[in-house]
Each structure stands twice: as C-alpha cells, then as structure tokens.
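Working notes, structure below.
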Amino acid sequence: MALSDYLVTDDLTIILALVAAGLFLLHNLYKPQALVHPILLGRQSDVARVRNPSESAVYRNYGTGMLGRFPLRPTKDQQVLLDLVKPDADAPRTLWSTKITNPQLRERAANFGAGLVRVAGLVPQESNVLLLLNDGIEFIISDLALASHSVPSFTLSSLSLLSSVLESHPPSLIITEAEFLPHLLELIYDSNESEHHSIVVVGDVSASQYRQVQNVKIVHWDDIERQGASLDKPILSTPEPSDVFTVAFYETPSGGYDGVQLTHENITAGVAATRALVPPSSALSPLDTIVSTHSLSTPYGRAIAYTALFEGTGFATVDSTKLIKPEGAASLTGLKDLRTSGSYHISSPTILFVHPHHLSSLTDTVLEEARKSSWLLYNFAWRHKLAGILEGYITKQSLWDRLVFDGARVKVMGKGAGTVRAVMVSGAPLEAQALTPSRIALSVPVINVHSHPLAAGPIFASHALDLQTFPPAASSSPSASAADAYAFTYLAPVGPPSVNVEVKLTGVDDAAVEGGADPVGALHVRGPSVGRPLSAEEETAEEDQRGWRITGERAKVAPNGTFKVSVAGKA
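Residue numbers for the sequence shown follow our numbering, beginning at 5 and rising by one.
Encoded structure:
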C-alpha cells in the first residue's frame, strides 16, 4: 500500500485538527503570566557573608542591600512629625468624619498647642501629656501640637495600664474623652496624685457628671483651641529628629508592661517603610482611602495614620481601636467590626490594614455568599481562580469574577467590593492555609505584615505579588522545639525584613545550620524605625549602642530570605 493511502483525510479530520490546534494556542496564549518574575521571589533578603557563633547572619531587604542606606523619611523634607503634614498640599481629604486640608490641620494644631501653653501651663521640654483619647481628629491635633512644642506624649495600648503609668510616670496633663472623665477622677482620687494633674476634656461635660477632685484643673478642649486661636503664635524652635516625641506603653507577654521611646526619626522612618508595602506601580495617592484596625496608641497604628496624612489620603479606623470602648464594642469582631468604619463620612476604602480575624471573617463571608448564589458554577470558578494563583497571577477582572465572586463581594463589602485594591494583615500570626482562600475571595494582593510594639513601621512584610504557597513540611532543624515545629509548619511567611530594618537570630544550632538546616532562633531587630524601650536603660552602654532590640519572639528564615515568626515559643 502506498504512503499516500495513509495520508488520505476527510473534512472531519481537518476540522478536528484545526480545533485541536486552536485549543492548544488558546491555552498557551491565554494562560495567565506571573505578575512578578520567579527569580525576584527566590532571593528576597540580602544576607551578610559572615555570622557569629550561635547567631544567624544579618538579613536585610534585598532592595536595600547590605551596603545600602536605610530610608529615614519619605522624602528629604520630612525631618520631624509636623513635616509629614505637607503645607503645600491644600486638597481636602476626610479624616474620620472631618473634611480638612493640610493648612487647616496645621493651623488647628498650632492653635491647640498655643492654648495648652497659655491655659494649661505646659512647659516645652519639661512637661509631658497622657493621651487617653480614642482614635480621631483630636488625637492627631494633640499629637502634632505637643510634638511641635517639644512636649512628649504618653499613649497606652490598653486601659489596664493606666494605674501603673499614673503611679510610675505621672503626667503634667491628661487629655481624655468626656465619657471617661468620672472613672479617671476616681482613679486620681484613689491614687492621691491629684496635685500632679490637669485634665483637658474632649466632648460635652456637665458638672453633674463628675465629682470635683481637689487641685484637679478641668478645662474643655474647645476652650483651649479657641483661646489659642486668639493668641499671637510664638516662633517655635524646630525639634531635632533625634528628640523623643512620645512614649508608647504596651503590655508584655509576661503580664507586665514596658514603654518604647519614639523619636521624630522613628516615625518618619516608619512612614517610609509603610509606604513601601505597596509596589511603586500601585503607590498610594490622594485618591486612596485607608481604613485601619490598628489603634493610634500603638507605634504601628500611628505610622499608618501618618502615612495617610503624608499621602493626602482619606483615613478612618474601626470601633475596636478605641481605647475607651462604647457599650457593646467588645462583642464586635471580624466583619462586624470592619463595618463600623462606615459610620464615618469617608469615601469607599481602597486600602485595608486589618488583623487576621478581620481577614478570616471577610473571606469566609464572601466565599459563603458566592457558594449560595452560584452553587452550580462555584467549583469551576474556584478551580480556575486557584490555577491562576498557582501561576502567580491574580485579578478581579476575570470571567469567573463577573459570574460568581463580584456579586458576593458587593453583598458583603458594599462599595468597597469595587474599590479595595490591597489588604495588609498584621497584629497576630496568620495561618498559611488562610492565604489562598483570601486571595480567591478578594482577588487583590494580601500582604502579610509582622509588626511589633517596638517599631513604628513593619518589621517584615511579604511581597505584594508573591502568591507562592508551600505544602506543610516537618521542621528541618532537629533542635527545634515541638512548639517551633508546629508554628513554623503552619504559619504563613511574613516575607523579608522591611526596607529599613535588619534582623538576626540568636541561639541558633550551629551544627544544624552548617548541615543545611534553616536557622531558627530568638529574633533581634534594629533600624531607624525601631524605638528604644524604657527597659533598655538596664543595658550596658555598649549593648545599647549596638542598637539590637530583643522582640521576645522566635523566627525561622527560609533559603529565599523570607521569615516565619512564632509567638508560641518565647525567646
């Protein structure tokens, strides 16, 4: 039989061959391409060439490099706190429910500061002020006013610290909310410290609401600002970047408390690091609106707020950040808490800074709604979205988003379904298994951030477009404890060090590391965004000069320079 007899084809064969070729081309042409090159994700930290015995090498962000200079401020013009409110940016933005421009905010801060000096008798560089305020415009104005007059402020991460701070660090003045005044007066009366306190009250207070305590001077916020506006403003000496402008008190894992001193340089460096969480291609702009679940009474929460001020974005927080919580606020968790930001007259949020339980609640609700409304297509949509993520690709514009997930997001997130473009999750450990469902449900970059009470910015942060997932594996270090093995197996990576932080691990097993195991040890950090704890006064001058701060956490670093941080095994 001739060869030509085997090559005889009919029309059906030709059509099937063309269809197969077309499908092959479509599969390759429309296969999603990774949003970031895998080589970039393979080395995310720059590592020192040498290390000391029982320590890991020093790690820095790869973009900074071992010889690179740490960014100390967003731009060269931001030397102190007030500089973050750029005077030449006069476009209005909404902070909580107040629409205000930068010149107006600076003016209000100047008026309030002048009023504090005249009416309350504050003395620059000598007095100090305790801020018992909920997150709001009054907190920002007080912070800017005090910092401009070189009057350090005290903040508390929890009201449970109030008695201890009043006893050990009595302030010259307290600024508080009207609803907390009766309790505060009782506390002052019981502590016999009344001669040390004047109180500025935010909100309306009638004489019947509180018992007058002898030698306690009570003035109203509005009176301070009003009188300050009528005064001639003196020319203030500009603080030095190295001056301490605040002390943030926080609870320690052992049940005690400590405080961290933050300088102007710490907060400007924290803003620079927070801005770097999003890639330059989608940088923050005045068109954004930030919603945060981190209190301004914490260094990280304050860095987020001042990042919003610097960028000219709208900004608001949720009810759980309130130091003095309203009735029923304790029961608000997850999505319910996130929705409380809607009580402020802000634009629809574009950037979310949330805790893991907020992300989990949001993810679960969106996926459940998608499953209920499109149960026939849900499994197909999930598989296609998952395939894209495994290829390093994520989008909200796919066919499956339009058919299945868009409607679910609108029902759960309202207008935010179309505007949210990035989610930063921090404040507690995030489980690795939560990342992929969150990326499918929200279809925006979910950036895992590790913050700490010692730092005004992130310590670690995952790359915005790093969508890699790894199966659980046993600990590669034979010396790792059971708690370490569990935590480092199931926790999500928090990425490389931030752009202006360097880290190292101590107490590592030298033999295991030399044998190729991933270093595991106690986490130490230093950098311009890391403050000086009050407990550092107990250190020797040499130890303090080196600047390494013990975080009280354990960490493990992978070969690609990304870290996992465990709070299970304390250092």
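All C-beta atoms in this analysis are idealised placements derived from N, C-alpha and C, irrespective of residue type, glycine included.
No experiment lies behind these values; they were computed from the predicted model shown.
- Residue state for residue 559 is assigned as strand, using DSSP reduced to three classes.
- Straight through space, the alpha carbons of residue 435 and residue 326 are spaced by roughly 26 Å.
- The secondary-structure analysis by DSSP pairs residue 70 with nothing; it has no beta-bridge partner.
- Inter-residue distance for residue 441 and residue 568 is about 20 Å (C-alpha atoms, whole angstroms).
- Within 10 angstroms of the beta-carbon of residue 145 lie 16 or more other beta-carbons, which makes it buried.
- Membership of residue 399 in any beta strand (DSSP E) is not indicated, and neither H nor E is assigned to it by DSSP.
- In this model, residue 160 and residue 455 are separated by some 17 Å (Cα to Cα).
- Residue 107 has its alpha-carbon roughly 9 Å from the corresponding atom of residue 95.
- A distance below 7 Å between beta-carbons, with the five flanking residues on each side excluded, links residue 432 to the following residues of its chain, in chain order: 359 and 360.
- Taking a C-beta distance under 7 Å as the contact criterion, residue 345 and residue 322 qualify as a contact pair.
- Between residue 353 and residue 295, the C-beta gap is smaller than 7 Å, which places the two residues in contact.
- Residue range 202 to 206 is occupied by the beta strand (DSSP E) that includes residue 204.
- In the structure shown, residue 521 adopts coil according to DSSP, grouped into three states.
- Boundaries cannot be given for residue 80, as no beta strand (DSSP E) includes it and DSSP labels it neither H nor E.
- Contact between the region 13 to 25 and the region 441 to 451 is not established, with fewer than three Cβ pairs separated by less than 8 Å.
- The secondary-structure analysis by DSSP pairs residue 262 across a beta bridge with 254.
- Rounded to the nearest whole angstrom, the CA to CA distance from residue 523 to residue 279 is 29 Å.
- Only buried fits residue 139, as 16 or more other CB atoms lie within 10 angstroms of its CB.
- Listed as beta-bridge partners of residue 50 by DSSP are 64.
- Considering only 239, 458 and 260, the residue with the shortest C-alpha distance to residue 117 is 239.
- Within the same chain, and ignoring the five residues on either side of residue 312 in sequence, the residues whose Cβ sits closer than 6 Å to its Cβ are 294 and 319.
- Secondary structure of residue 180 (DSSP, three-state): strand.
- Distance from residue 465 to residue 281 at the Cβ level is roughly 5 Å; contact confirmed, criterion being Cβ atoms closer than 8 Å.
- In the DSSP assignment, residue 97 forms a beta bridge with 104.
- Residue pairing by DSSP puts residue 554 in a beta bridge opposite 528.
- Residue 385 sits in a helix when the DSSP states are folded into three classes.
- For residue 270, no beta strand (DSSP E) segment is defined; the enclosing uninterrupted segment is the alpha helix (DSSP H) at 268 to 279.
- A straight line joining the alpha-carbon of residue 532 with that of residue 566 spans about 21 Å.
- Looking at the DSSP output, residue 507 bridges to 63 and 529.
- Our two residues, residue 221 and residue 202, have alpha carbons roughly 5 Å apart in a direct line.
- The Cβ neighbour count for residue 474, taken over all protein chains shown within 10 Å, is under 16; the residue is labelled exposed.
- For residue 435, the beta-bridge partners assigned by DSSP are 495.
- Runs of alpha helix (DSSP H) with 4 or more residues, each lying fully within the region 229 to 254, are absent.
- If only complete runs of 3 or more residues are kept, the region 318 to 380 shows the beta strand (DSSP E) at 318 to 321 and 355 to 358, in order along the chain.
- DSSP places residue 426 in the uninterrupted beta strand (DSSP E) bounded by 426 to 429.
- Between residue 253 and residue 165, the beta carbon gap of about 5 Å places them in contact (Cβ cut-off 8 Å).
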